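Below: the structure, in structure tokens.
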Amino acid sequence: PYPYFAEMREKAPIYYDAKLQAHVLSRYEDVSFVLKNHALFSSTKIRVAGKLQEERASVQELGSVSNLVTTDPPMHTRMRGLVSRAFTPKQISAMEPRVRELSRALIAEMASRSEFDFMEGLASPLPVTIISEMLGVDTSRRGDFKRWSDTLIQSSSATLQSGKASEQVERSAREMLTYMQEVAEARRREPRGDLISLLVQETDGVAALTPPEVNSFTVLLLIAGNETTTNLLGNTLNALIRHPEAYEWLRREPSAASCSAVCEETLRYDSPVIGLFRRTTQEVEVSGGKLPADSSVLVLLASANHDPRKFPDPERFDPRRDTNGLMSFGHGIHFCLGAPLTRLEAPVALQELMERAPRLGFAPRQPEAIDYGGSFFLRGPRSLWLQ
Ligand code: HEM
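In terms of UniProt numbering, the sequence shown is residues 18 to 404.
Written as structure tokens, this is what we have:
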């Protein structure tokens, strides 16, 4: 999907983008080097195309606290230790029955129509519902939670572009802050088995997150965890429909392993996150060139995943290939915390879909060119009309 990345890898492995004011790295080896060396490439003070001038109080409050992705050790080590207690393999695999049940219900509802928007019917509601259940949002507030989270997610790209959040975003941020504070307070007094309880309690000598950290982490989960998984599901269906041979292979043997293989290859082939920013802490040498100290670096995960030095014949979509080492979840200390959850959710949803609707194709109203919504960093269809 990225012909210009191939040209960058060959002709300009370090490319200075004046608009982004960043050095862009596109080779697998360089991307891996940057992400592995967090002491040379910091995650703090990363700058995204200009300055975010945020005037609205609640949006500012939500964005102001350092969260996991924007910290370096030792702060990162402490926070990661705290929150990773909620993402152990055991906890994630225990969620499988619920993910399956919810996928099945959403698919039944969606597939009862002659044509449907896959994004609205399954790809978007599945991750947000699972996250809200994990957090421990009350059943009666899940509709609100979905609305707040949709608004915040939609606004995150728009806010980055315009530097301003809308009135509606401010209202959602305020409502969500108030609600999450209430929940955190209630769980501090009376813990339950949910994620918020875990974050606000001291356990095994590990201190609790402070109230602003809880809020900031919740928003991070929504923004980092929902749209990405939604994109992956959308990209998977899009890839399958456009590669009938792979779709047929999956139909012949729709096992859990085959569904996982298809999702892994989609992660590589059509990465939901295109790139990540870092900031150099000193002058560094990469791929035959030098990066100045204190400069912004953009590593292209999507390009690393298409580097023929790592993945032979990279433009071929092939679920049988070895996808080990794919960069879609990042690499090193910030490696995606939610990867095991996504690796459960996406294949289970795909397997349920193969059971109920194994022969999907584009509906006539789906335009040939997918609308990716214009985001520079995230890639997934805004809508995907299937039948
Ligand atoms: C970090 C991608 C799903 C939570 C990351 C990073 C990437 C990524 C590339 C690294 C950021 C960096 O190094 O600066 C993805 C993709 C997903 C996905 C492609 C789905 C297809 C999720 C889910 C959750 C989640 C479902 C949570 C439920 C996080 C968190 C971090 C993170 C908390 C920060 C980790 C840290 O800084 O230590 N993700 N993610 N992600 N992701 Fe994901």
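Every residue gets a Cβ at the ideal spot worked out from N, C-alpha and C, and that includes glycine.
All figures in this text were calculated on a predicted structure; none of them were measured in a lab.
The stretch 243-259 and the stretch 184-202 do not touch, with fewer than three beta-carbon pairs separated by less than 8 angstroms. Following the DSSP letters along the chain, one finds residue 120 inside the alpha helix (DSSP H) bounded by residues 113-128. Beta bridge pairing from DSSP links residue 308 with 301.
For residue 346, the Cβ falls inside the 7 angstroms cut-off from some heavy atom of the ligand HEM. Taking every protein chain shown into account, the CB of residue 235 has 16 or more other CB atoms within 10 angstroms, so this residue is buried.
Counting C-beta atoms within 10 angstroms of its own C-beta, residue 92 has fewer than 16 neighbours from the protein chains shown and is therefore classed as exposed.
In the same chain as residue 218, and ignoring 5 residues on each side of it, the C-beta atoms closer than 7 angstroms to its own belong to 208 and 225, in chain order. Taking residue 89 as the centre and dropping the five residues before and after it, the same chain places the C-beta of 55, 59, 60 and 61 closer than 7 angstroms to its C-beta, in chain order.
Exclusion of residue 303 from the 7 angstroms shell around the ligand HEM follows from its C-beta lying no nearer than that to any non-hydrogen atom of the ligand.
With contacts defined as CB atoms closer than 8 angstroms, residue 314 and residue 40 qualify as a contacting pair.
With respect to residue 241, residue 355 sits close: the two C-beta atoms are nearer than 8 angstroms. Residue 397 sits buried, since 16 or more C-beta atoms from the chains shown fall within 10 Å of its C-beta.
Residue 317 and residue 43 do touch by the CB rule: their CB atoms are close to 5 angstroms apart, below 8 angstroms. If you compare the alpha carbons of 299, 275, 310 and 254 with that of residue 376, the shortest gap goes to 254.
Apart from sequence neighbours up to five positions away, the residues of its chain that approach residue 216 with a beta-carbon distance below 6 angstroms are 226 and 231, ordered along the chain. Relative to the non-hydrogen atoms of the ligand HEM, the Cβ of residue 95 never comes closer than 7 angstroms to any of them.
In this structure the stretch 341-348 touches the stretch 288-295; the number of beta carbon pairs closer than 8 angstroms is three or more. Distance between residue 143 and residue 22, taken at the CA atoms: about 32 angstroms. Residue pairing by DSSP places residue 223 opposite 220 in a beta bridge.
In the DSSP secondary-structure assignment, residue 290 is bridged to 395.
In this structure, residue 403 sits near residue 380, with a CB-CB distance shorter than 8 angstroms. When only Cα atoms are considered, residue 168 and residue 327 end up about 38 angstroms apart. Restricting attention to alpha helix (DSSP H) runs no shorter than 4 residues, the stretch 312-385 encloses them at 318-321 and 356-373, ordered along the chain. Distances from the CB of residue 350 to the heavy atoms of the ligand HEM include at least one below 7 angstroms. Contact annotation, residue 297 with residue 312: C-beta distance approximately 5 angstroms; criterion of less than 8 angstroms satisfied.
Rounded to whole angstroms, the gap between the alpha carbons of residue 279 and residue 103 is 27 angstroms. Contact annotation: residue 269 and residue 322 have beta-carbon atoms that are not nearer than 8 angstroms. Residue 136 sits away from residue 373, with the two beta carbons spaced by 8 angstroms or more.
For a cut-off of 8 angstroms, the C-beta gap from residue 154 to residue 351 is around 26 angstroms, too long to register as a contact.
Remark: C-beta atoms of residue 263 and residue 335 approach each other more closely than 8 angstroms. According to the DSSP assignment, residue 31 belongs to the beta strand (DSSP E) that extends over 31-34. Residue 42: member of the beta strand (DSSP E) spanning 39-42, first to last residue.
Assigned with DSSP and collapsed to three states, residue 97 falls in helix. Of the residues assessed, residue 29 falls on the exposed side of the cut-off, its CB having fewer than 16 other CB atoms within 10 angstroms. Rounded to the nearest angstrom, the gap between the Cα atoms of residue 210 and residue 120 is 23 angstroms.
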